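Student: Quick note, the sequences are listed as chains A and B, same order. Going letter by letter, the first sequence gives residues 608 to 793 in the working numbering. Going letter by letter, the second sequence gives residues 9 to 373 in the working numbering. All C-beta atoms in this analysis are idealised placements derived from N, C-alpha and C, irrespective of residue type, glycine included. Keep in mind it's a predicted model, so treat the numbers as computed, not measured. My structure is below; once you've seen it, I'll send some questions.
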Amino acid sequence: MILLPLARPAYLKSFALAIGFLGALLMSLPAYWFAPRILIPFVAAPAIGFPFLGLLWPQSISSLYKLWNVAVNHFSRLARFFLMTICFYVVLLAVGRAGTSMIVTRPRPNESLWLAKKTLSTDTYRYEFAGTGKHFAEKGWVRNYLSWARTSRQVWAFCLIPLLAMLAAVEVYQDRRPPTGVYTLF
Amino acid sequence: MTAIRVLLASTTALIGLLLTIPVAAIWLLFWAVASLTKFGSRLFEPYMVTSDQLVEFTPTIGWKPKANLDAYYLTMVRDGVFHTITDAQGWPDRTKISDSHVVVFGDSYAFGYGVDSKTTFWRCKTGIIIKAIGAPGYNMVQEVLLMRQLSYQLKGKLLIWFIYFGNDLYDNLSPNNQCYRTPFLRKNLSQEWEITTRHVSPLRWPNKADPRYYDKLAEMCCATFLSERAYSACNFLITEAKTICQEAHAKLVLMTIPDVIQLTSAGHEKLAASASNPKSFDPNRPDDQIKAIAFSLGVPVVALKDYLTASDYKERDPHWNQRGHQRVAELVKKIWHQNRLDGNERVVKDRAAQALSMNPLSGVL
């Protein structure tokens, strides 16, 4: 969602325009409020410079394009850590203070509380782990999560959805496989 | 307890959300740039087709480019998209065979894969008209079958046949190219080569094994069972092509195309490292073998390794770049001129001989 696709000339040109536009937009706000005359060059430079470079020599901004993706990856890692910290140390810790509904039974002598796992039929072996490899950011996780919260009577877990949605949004994933539909021998 | 939990969770989640405002702001910036980049790229890149949409099934040959294409396709992601045009039969460019001076048969090199159609060797302004007949992935067997099919249009033409060492020699013996079924050569019970097309159909070939073409090319540079077999198959195919051209009154010239790995010393080392029989490794073996076959058959051969350098090839795929196409176009022009001069000399000699034989005094003199 936030990672730039593998660089090809059209993306480089478009990236240059996007950076120019957003750069100028961001710089124009302080320029408007504080010192218009002084900051005009700072607004004009990205607005003209990046598109000019990108459209005429797309390869000249390929380093910036790569750096941008490096920054996205760093941001993603830090943001995930930050969001999970909030989930745990702010929300879960507070909810935990309300006590537990789990009934812990002490085993009697010579008795085990382990439960036997019901095995799957051999027909399902190839599908057994199919669901585990799914990406967190894939569609449909909200429905599954709500279903789990409802069936397990953990209604409070609904409140985590905005934070989990943010976690999904900051996750980055790039398909490193060669693109399909391309003739190539090697 | 549930109500307390919900109350605690909603309050703390709200506090948590407030804390995440800086993260959301930065995310918004990254998202805006990514979205604008993806959306804006449509302004700079035309709609492109996949490689499957470039070709279609055709009986016997296996596949050919779709007719009347005017489309863009992607090669390597970083290289972007390239334009291609095909005629009503599916061959590159709209030029007709009948209007051309030179007809080139080949694979993706003849197709002009990896450069825009306007910069291919058949579009370079050399003063001669070149018609290319080829498609990505073709082996020499498919090209011989095409020569047969089009032989009635080849009369008086100079026919240049591209032989690419990267995969052609091995693919002649293989029934498939990735998932596509291809005509190939095999020996029959009397140990003679024959072209096999019975398995060719639109169905996907089940074996997806990687052919490891560089390893195969290294083997073609050695004296091995596979290379002996591949050159024997080449001999058969070149003989077939020569016969077709003789019957069609066309002139056949072979043009061998080295892979870029064969043009540098580093490439030679890389090939030698994966050679199955290092003692017999010789990077010039493919050219030497084809030259020997061509010499025995009296077919001229031009080795592009003597004319091209690594800088005539693209960086990220094995095809020629614009400069490479320009060089090949100039070379094709030279061959055509030379062929025309040779043809004129022959005509003059024939006429002179004819005049002598018709002169009633010639016998006396």
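1) If you measure from the beta carbon of glycine 135(B) to each beta carbon in chain C, is any gap under 9 Å?
2) Using 10 angstroms around the beta-carbon of aspartate 350(B), count the other beta-carbons present and answer buried if the total reaches 16, otherwise exposed.
3) What residues in its chain sit with their C-beta under 6 Å from that of alanine 280(B), if we drop five residues either side in the sequence?
4) Let me know the secondary structure DSSP gives proline 637(A) once reduced to three states.
5) Any beta carbon of chain A sitting closer than 9 Å to that of lysine 126(B)?
6) Kindly say whether leucine 611(A), judged by its beta-carbon, lies nearer than 9 Å to any beta-carbon of chain B.
7) Quick one: Cα of serine 49(B) to Cα of leucine 624(A), how far?
8) Would you mind telling me which residues of chain A sit closer than 8 Å to leucine 31(B), beta carbon to beta carbon, in chain order?
9) Hey, valine 679(A) and phenylalanine 38(B) are a contact pair by Cβ (cut 8 Å); roughly how many whole angstroms apart?
10) Which residues, taken in chain order from the stretch 749-769 of chain A, show a beta carbon closer than 7 Å to some beta carbon of chain B?
11) Examine chain A for any beta-carbon lying closer than 9 Å to the beta-carbon of arginine 348(B), and answer yes or no.
12) Among Asn215(B), Leu211(B) and Ala241(B), whose alpha-carbon lies nearest the alpha-carbon of tyrosine 178(B)?
13) Quick one: is the Cβ of proline 637(A) within less than 8 Å of any heavy atom of the ligand GDP?
14) Of the choices Phe628(A), Asn717(A) and Trp675(A), whose alpha-carbon is the least far from that of proline 612(A)?
15) Name the one or two DSSP bridge partners that arginine 86(B) has.
16) Taking the alpha-carbon of glycine 88(B) as reference, which of Ile693(A), Arg704(A), Ala614(A) and Phe765(A) has the nearest alpha-carbon?
17) Can you pull the chain A neighbours of leucine 51(B), defined as C-beta to C-beta under 9 Å?
18) Would you verify that the beta carbon of tryptophan 640(A) is, or is not, closer than 9 Å to some beta carbon of chain B?
19) How about isoleucine 252(B) and valine 340(B): are their beta carbons less than 9 Å apart?
20) Identify every residue that forms a DSSP beta bridge with phenylalanine 65(B).
21) Residues in the same chain with beta-carbon distance under 7 Å from leucine 305(B), minus the five sequence neighbours each way, listed in chain order, please.
22) Which stretch, first to last residue, makes up the beta strand (DSSP E) that contains isoleucine 168(B)?
23) CB phenylalanine 173(B) to CB phenylalanine 113(B), shorter than 9 Å?
24) From lysine 357(B) to tyrosine 321(B), what distance separates their C-alpha atoms?
25) Let me know the secondary structure DSSP gives serine 18(B) once reduced to three states.
26) Just mark aspartate 107(B) as buried or exposed, buried being the case when its beta carbon has 16 or more other beta carbons within 10 Å.
27) Let me see if you follow: with CB-CB separation under 9 Å, is arginine 194(B) close to chain A or not?
28) Using a threshold of 9 Å, state whether the C-beta atoms of leucine 5(B) and threonine 92(B) are closer than that.
29) Determine the chain A residues that contact phenylalanine 38(B) at a beta-carbon separation under 7 Å, and present them in chain order.
30) When you compare each of Cys229(B), Asn185(B) and Cys230(B) to aspartate 218(B) by their alpha carbons, which one comes out closest?
31) Can you check which of these residues, Leu610(A), Pro616(A), Ser667(A) and Ser635(A), is closest to alanine 40(B) by C-alpha distance?
32) Would you please verify whether the beta carbon of glycine 98(B) is less than 9 Å from any beta carbon of chain A?
33) Kindly indicate which residue of Tyr117(B), Pro308(B), Leu22(B) and Glu353(B) has the alpha-carbon position closest to the one of isoleucine 141(B).
34) Could you pull out every residue in the same chain whose Cβ sits closer than 6 Å to the Cβ of histidine 276(B), ignoring the five residues on either side in sequence?
35) Buried or exposed: which applies to glycine 70(B), given that a residue is buried once 16 or more other Cβ atoms fall within 10 Å of its Cβ?
36) Applying the criterion that 16 or more other CB atoms from any shown protein chain within 10 Å of the CB defines a buried residue, is lysine 725(A) buried or exposed?
Tutor: Let me lay it out:
1) Note that chain C does not occur in the displayed structure, where the protein chains are A and B.
2) exposed
3) Phe289
4) helix
5) no
6) yes
7) Within the model, the alpha-carbon separation for serine 49(B) versus leucine 624(A) is close to 10 Å.
8) Correcting the residue type first, residue 31(B) is valine in the shown sequence and not leucine. Near valine 31(B) (Cβ distances below 8 Å), the residues of chain A are Ala686, Phe689, Leu690, Met773 and Val777.
9) 6 Å
10) Val762, Trp763, Cys766, Leu767 and Pro769
11) no
12) Ala241(B)
13) No copy of the ligand GDP appears in this structure; indeed no ligand is present at all.
14) Trp675(A)
15) Partner(s): none; arginine 86(B) has no beta bridge.
16) Nearest neighbour of glycine 88(B) by Cα position, chosen from Ile693(A), Arg704(A), Ala614(A) and Phe765(A), turns out to be Ala614(A).
17) Ala617, Lys620, Ser621 and Leu624
18) no
19) no
20) Residue pairing of phenylalanine 65(B) in beta bridges, as defined by DSSP: Trp71(B).
21) Contacts found: Ile246, Thr247 and Lys250.
22) 166-172
23) no
24) 42 Å
25) The answer is helix: DSSP assigns serine 18(B) an H, G or I state.
26) The residue is exposed, with fewer than 16 neighbouring Cβ atoms inside 10 Å.
27) No, arginine 194(B) lies away from the interface with chain A (no Cβ there is under 9 Å from its Cβ).
28) Residue 5(B) lies beyond the stretch modelled for chain B, which goes from 9 to 373, so this question has no answer here.
29) Ile609, Val679 and Phe682
30) Asn185(B)
31) Leu610(A)
32) No, no contact with chain A.
33) Tyr117(B)
34) Pro291
35) By the 10 Å Cβ count, glycine 70(B) comes out buried.
36) That one is exposed.
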